[in-house]
Each structure stands twice: as structure tokens, then as C-alpha cells.
Amino acid sequence: MSEEMRYGEQILKEFDVERDLEVWENKQEREYMIKIILPEFCCLCPRSGYPDFATIYLEYIPNKLVVELKAIKLYINSFMNRNISHEDSINEIYTVLEKKLEPKYMKITGDFNPRGNVHTVIEVSSQSFLKSVEKPRKEEQAYEFKDRGDNKRAGARRINERERDRSRDDKRGNSRSFSSDRPSRGFKSDDKPKRAPKDGFRKISFEGDKKPRIVKKDK
Numbered sequence: 008m009s010e011e012m013r014y015g016e017q018i019l020k021e022f023d024v025e026r027d028l029e030v031w032e033n034k035q036e037r038e039y040m041i042k043i044i045l046p047e048f049c050c051l052c053p054r055s056g057y058p059d060f061a062t063i064y065l066e067y068i069p070n071k072l073v074v075e076l077k078a079i080k081l082y083i084n085s086f087m088n089r090n091i092s093h094e095d096s097i098n099e100i101y102t103v104l105e106k107k108l109e110p111k112y113m114k115i116t117g118d119f120n121p122r123g124n125v126h127t128v129i130e131v132s133s134q135s136f137l138k139s140v141e142k143p144r145k146e147e148q149a150y151e152f153k154d155r156g157d158n159k160r161a162g163a164r165r166i167n168e169r170e171r172d173r174s175r176d177d178k179r180g181n182s183r184s185f186s187s188d189r190p191s192r193g194f195k196s197d198d199k200p201k202r203a204p205k206d207g208f209r210k211i212s213f214e215g216d217k218k219p220r221i222v223k224k225d226k
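Residue 202 in my numbering sits at position 195 of the sequence shown, with consecutive numbering throughout.
Take a look at the structure:
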């Protein structure tokens with residue numbers, strides 16, 4: 008004779024998401040974020056039947072409705088005896104909550120425990136991941152173009168400054184008259200730099216050119 012089903016098992020087995028997923032009215036006018044962590048998610052592998060465990064991270068900005076906490080717990084636990092893949096389970100949870108709550112923003116992450124040396128994380132968000140990746144790249148390109156334009160303008164400014172300094176020096180040179188027969192200050196035109204003697208450095212000599220005397224001590 009089979010053992011009688013316990014009340015928790017019966018609730019999960021008979022859980023109907025359309026009927027039992029309770030939602031409440033959002034009485035707040037301001038925008039705020041709700042974060043829920045569900046660390047006991049479990050489902051069965053559709054191929055092998057082995058259990059898969061995960062932590063579910065739910066984040067959403069409510070619109071008019073919020074999900075009741077016990078209801079979301081029972082809904083998550085109702086996957087316990089279902090054969091469903093990682094990807095399908097997280098996408099199904101997202102689809103159900105999006106339909107029920109119609110939030111302003113929602114993101115669901117399923118961080119599955121490693122099994123067979125494989126660690127899987129599934130994320131579903133109301134924002135496009137592709138757009139969020141492309142946006143920083145476009146901003147980087149805009150900064151690159153801006154830097155290039157600044158470099159070009161700075162280079163043109165430096166060229167103009169050099170040309171202006173050169174023309175100013177030319178004008179100053181033309182205004183001054185130098186006579187060819189007039190010697191320059193401080194030295195004569197026929198003066199030549201003195202070279203060091205060929206024999207190198209001057210030899211240092213001692214007084215009297217005497218060699219040091221060696222004194223032997225008696226033993």
C-alpha cells in the first residue's frame with residue numbers, strides 16, 4: 008500500500024500557476040527595485056532524469072502589481088519533479104512573471120550548480136543584451152573620433168605657432184644690419200680654439216725628482 012501524500016507534496020503537485028500565483032496591488036507611486044533570491048530551485052534533466060539545482064535571482068521594478076512571496080516560493084518549488092532544461096526553466100519563469108506582473112523592468116538569473124564539470128548561468132532581461140553591448144562600443148568610438156579631432160586641431164595649432172614664430176624671427180633678422188668687417192663681441196675672427204698638447208697630460212714631477220727611499224727594518 009502506497010504511503011499517503013504529504014500536504015507539501017500535494018500542494019506542489021496540484022500547483023496551478025494561473026490560479027495559485029497570487030499577486031498584490033502595488034500601492035507605491037515611486038519607482039523601486041524588488042530583489043528576491045530563491046536558493047532551492049530544483050528540476051530534473053530532460054535526458055537523464057538527474058536533479059539540477061540552482062539559485063534564482065529575481066529583480067524587477069513593479070508597475071501596478073507585485074508577486075506574493077509565498078506564491079513565488081511555491082511556484083519555484085513546483086519545478087522539483089519536472090523534466091525541463093536549464094534554458095527552458097528560466098525562460099518559462101520569466102514569461103509567467105512578465106505576463107502576470109507587467110513590470111517596468113525585470114531580470115531573472117538562474118545560477119545552476121556545476122554538474123559534470125559544467126557551470127551554467129542563464130539570464131533573461133527586459134532589456135536587449137545586444138543593445139547594451141553595442142552601446143558602450145558606440146560611445147567608445149565617439150570618444151575615439153573626438154580624440155582624433157582634438158589631436159588634429161592641436162597639431163594644426165602647433166604648426167601655425169611654429170610658422171608664426173618663424174616669420175617673426177625672419178622679420179627681426181631683416182631689421183638688424185650686421186657689417187662683415189665688424190668683429191664680433193669677445194673674440195676675433197682669426198682666433199682659433201686652442202688644442203691640447205699632443206703629448207697628452209703634463210707629467211707630474213716630485214720636488215728634486217727624487218724617488219721615495221725604502222728603509223729596511225732590522226730583524
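Note that the Cβ used here is the ideal one computed from N, Cα and C, for glycine as well.
Owing to the predicted nature of the structure, the values given are computational and were not obtained by experimental measurement.
Run the CB neighbour count on residue i, radius 10 Å, all protein chains shown included, and call it buried at 16 or more, exposed below.
| i | result |
| --- | --- |
| residue 58 | exposed |
| residue 56 | exposed |
| residue 113 | buried |
| residue 82 | buried |
| residue 39 | exposed |
| residue 76 | exposed |
| residue 174 | exposed |
| residue 100 | buried |
| residue 166 | exposed |
| residue 97 | buried |
| residue 37 | exposed |
Nearest to residue i by CA position, among the options, is which residue?
| i | options | result |
| --- | --- | --- |
| residue 22 | 89, 167, 136 and 94 | 89 |
| residue 128 | 137, 14, 76 and 64 | 64 |
| residue 50 | 74, 61, 42 and 116 | 61 |
| residue 110 | 179, 119, 134 and 53 | 134 |
| residue 18 | 84, 52 and 25 | 84 |
| residue 43 | 104, 172 and 179 | 104 |
| residue 91 | 179, 177, 162 and 52 | 52 |
Using the C-alpha atoms, what's the distance from residue j back to residue i?
| i | j | result |
| --- | --- | --- |
| residue 35 | residue 164 | 57 angstroms |
| residue 93 | residue 20 | 20 angstroms |
| residue 169 | residue 137 | 48 angstroms |
| residue 29 | residue 78 | 6 angstroms |
| residue 87 | residue 118 | 16 angstroms |
| residue 107 | residue 95 | 18 angstroms |
| residue 120 | residue 131 | 18 angstroms |
| residue 80 | residue 116 | 16 angstroms |
| residue 74 | residue 160 | 57 angstroms |
| residue 16 | residue 124 | 31 angstroms |
| residue 46 | residue 126 | 16 angstroms |
| residue 187 | residue 180 | With a pLDDT of 49 at residue 187, under the threshold of 50, the modelled position of that residue is not reliable, and the figure given next carries that caveat. Roughly 15 angstroms separates the two Cα atoms. |
| residue 162 | residue 176 | 21 angstroms |
| residue 25 | residue 102 | 12 angstroms |
| residue 41 | residue 13 | 32 angstroms |
| residue 178 | residue 158 | 30 angstroms |
Entirely enclosed alpha helix (DSSP H) segments - the segment 27-81, minimum 4 residues | none
Meets three-Cβ-pair contact criterion under 8 angstroms: the segment 26-40 and the segment 66-75 = yes
Which ranges does the alpha helix (DSSP H) cover as unbroken runs of at least 4 residues, wholly within the segment 79-118, from first to last along the chain?
-> 93-108
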